[in-house]
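According to my numbering, the sequence shown is numbered sequentially starting from 3.
The C-beta atom is built at its ideal place from N, Cα and C for all residues, glycine as well.
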Amino acid sequence: MALFPVTGRFVGDFVPHLVAVDTEDTMDVLAEKVAVHSVGRRIPVPDPHPGYEVLLADAPVPAATTVGELGLQPLQWLDVRFRGHA
Numbered sequence: 003m004a005l006f007p008v009t010g011r012f013v014g015d016f017v018p019h020l021v022a023v024d025t026e027d028t029m030d031v032l033a034e035k036v037a038v039h040s041v042g043r044r045i046p047v048p049d050p051h052p053g054y055e056v057l058l059a060d061a062p063v064p065a066a067t068t069v070g071e072l073g074l075q076p077l078q079w080l081d082v083r084f085r086g087h088a
């Protein structure tokens with residue numbers, strides 16, 4: 003368990019964020035940590051809420067994958083979007 007910095011952007015938002023995640027965080031947890039800065043602020047909250055997915059190099063990452071398993075570089079760019087929105 004170690005803090006790890008990533009650059010996260012919610013798809014549709016123009017502001018990227020420096021987000022501290024844990025190497026044991028799953029993609030679902032990472033997505034929540036990124037989304038909290040955008041959804042409900044500059045990105046409207048959909049009803050019903052579909053959940054989130056993380057994209058690395060434009061490819062979805064399985065939700066159960068941990069940050070440590072990805073082999074990311076510090077400050078690596080990750081996108082987050084609503085699940086099911088291509």
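Across the set 45, 3, 32, 26, the C-alpha of 45 shows the shortest separation from the C-alpha of residue 16. Taking every protein chain shown into account, the CB of residue 49 has fewer than 16 other CB atoms within 10 angstroms, so this residue is exposed. Per the C-alpha coordinates, the member of 13, 83, 20 positioned closest to residue 7 is 20.
Between residue 47 and residue 33 a beta carbon distance of about 14 angstroms is seen, past the 8 angstroms cut, so the two are scored as non-contacting. For residue 24, the enclosing beta strand (DSSP E) begins and ends at 19 to 24. One thing to note: residue 82 has its Cβ within 8 angstroms of the Cβ of residue 13. With 16 or more other CB atoms across the displayed protein chains lying within 10 angstroms of its CB, residue 80 is buried. Fully enclosed beta strand (DSSP E) runs of no fewer than 3 residues occupy 54 to 58, 61 to 63 of the segment 48 to 80, in order along the chain.
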